[in-house]
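Let me begin by presenting the structure, written as structure tokens, before commenting on it.
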Amino acid sequence: MSTAAEELGSVPKLEKKPVKFSNLLLGAGLNMFEVTTLGQPLEVIKTTMAANRGDSFAGAMGRIWGRGGILGYYQGLIPWAWIEASTKGAVLLFVASEAEFRAKVLGAPDFLAGISGGMAGGVAQAYATMGFCTCMKTVEITKHKMAAQGVKPPSTFATFMDIYRKEGIRGINRGVNAVAIRQTTNWGSRFGLSRLAEQAIRKVTGKDDSQKLGAVEKVIASGLGGGLSAWNQPIEVIRVEMQSKTEDPNRPKNLTVGKAFKYIYDSNGVKGLYRGVTPRIGLGIWQTVCMVALGDMLRSHTSLAPIPCDIPRCETRLTCGSPLHRIGPKRQSKN
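Using the numbering used here, the first residue of the sequence shown is number 176, and each one after it goes up by one.
Listed below in structure tokens is the structure:
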């Protein structure tokens, strides 16, 4: 009886893992670094190609340069991209932590609970902070067609207030449903594809599950996961079309996700749905490498020591801001 009681007592108690404030700060800092370096230029190229689907890659680059030289590649950075970068990680972590815990309470395995948490966190990101930020970034990038027609575009805040006065909250959150679909599929696919890449690397290198992957191997796995997650580019093109300020008399009014899909397909075919996929692949790789590899390096050189993840065989850390990388059990202090 005592042995059975001891065995029952040894079963780990399911408890919600805390979200540390230091990790939120690090995640926000890494997001800011990512978007201020290569992130926003790749975002601008991707959005320009998606909004002007007749342009080649070189044509899109020339169009962006014509809007202000090198500064044209940073349109929408301040304040919208910075607001998004500094807040989306916190929203993701808090919501995903709760969703993952609830999934585990219902009996879901760690992998499925992690995917559920990531998808819930992605949806929360879209509706809480990313919806109006992506809308205003897209407006900022696409409204400069007015300048080519000899009309001076209004400032970013004047544009924001004009949209708010005319259309209210719905106006500044135009395309938010498409953003939610993009985010929830992004997190699910990035996690799953990164794990598949890690397993493939282990087979090639002969490492078993108990051996850690090296820094370069982590970057490769994360880069593959981030790059291949661009499979959902059609929903990103739909999102851009819904938020774009580019004028087209043939475009239906009051676009929904379905109407935008039909309009793009009728106008440009299947190729139109994948415009901008190349810079999006680059953006996905850059984001994942920054948040995973750079985050681990920062942890190893600061007081923020790497925290083990409680997902079996997971080689990444909480630094990427992913809800799928939960804080593991507390370390035993040595006497």
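A virtual CB, placed ideally from N, CA and C, is assigned to each residue, including glycine.
Computed from a prediction, not measured in an experiment: that's the story for all the values here.
Beta-carbon spacing of residue i, residue j below 8 angstroms
i, j, result
"Gln358", "Gly401", "no"
"Asn361", "Ser291", "no"
"Leu199", "Gly297", "no"
"Val415", "Thr313", "yes"
"Ile278", "Gly293", "Per the sequence shown, the amino acid found at residue 278 is Ala instead of Ile. The answer is no: Cβ separation not under 8 angstroms."
"Ser397", "Val464", "yes"
"Ile239", "Val219", "yes"
"Ala353", "Val452", "no"
"Ala295", "Ala274", "yes"
"Arg228", "Arg426", "no"
"Arg349", "Met305", "no"
"Leu388", "Leu368", "no"
With 16 other Cβ atoms within 10 Å as the buried cut-off, status of residue i
i, result
"Gln409", "Checking the sequence, you will find Pro at residue 409 rather than Gln. Result: buried."
"Arg455", "buried"
"Leu246", "exposed"
"Leu448", "buried"
"Arg365", "buried"
"Thr309", "buried"
"Gln374", "exposed"
"Asn206", "buried"
"Gly234", "exposed"
"Phe332", "exposed"
"Ile338", "buried"
"Ala390", "exposed"
"Gln386", "exposed"
"Val445", "exposed"
"Phe232", "exposed"
"Ala180", "With a pLDDT of only 46 at Ala180, under the threshold of 50, the placement of this residue in the model should not be trusted; the figure read from the coordinates follows. Its Cβ having fewer than 16 others within 10 Å, Ala180 is exposed."
"Thr223", "buried"
"Phe196", "exposed"
"Arg345", "exposed"
"Met336", "exposed"
"Lys221", "buried"
"Arg340", "exposed"
"Gly202", "buried"
"Gly237", "exposed"
"Asp383", "exposed"
"Gly381", "exposed"
"Gly363", "buried"
"Pro284", "exposed"
Candidates the options, of which the one nearest residue i by Cα
i, options, result
"Ile258", "Met311, Gly244, Ala233", "Met311"
"Ile439", "Ile460, Val412, Phe208", "Val412"
"Asn443", "Leu388, Ala225, Ala203", "Ala225"
"Gly459", "Val445, Leu213, Arg370", "Leu213"
"Trp255", "Ser197, Val210, Ala372, Asn407", "Val210"
"Glu392", "Asn407, Ser385, Ala372", "Ala372"
"Ile356", "Asp441, Phe276, Trp406", "Trp406"
"Val351", "Leu430, Ala283, Gly381", "Leu430"
"Leu469", "Phe196, Ser197, Gly204", "Gly204"
"Phe208", "Ala260, Asp230, Tyr249, Tyr248", "Ala260"
Presumed contact (8 angstroms Cβ cut-off) between residue i and residue j, rounded CB distance
i, j, result
"Gln300", "Leu252", "So it is not a contact: roughly 19 angstroms between Cβ atoms."
"Ile395", "Ile376", "7 angstroms"
"Leu217", "Gly457", "5 angstroms"
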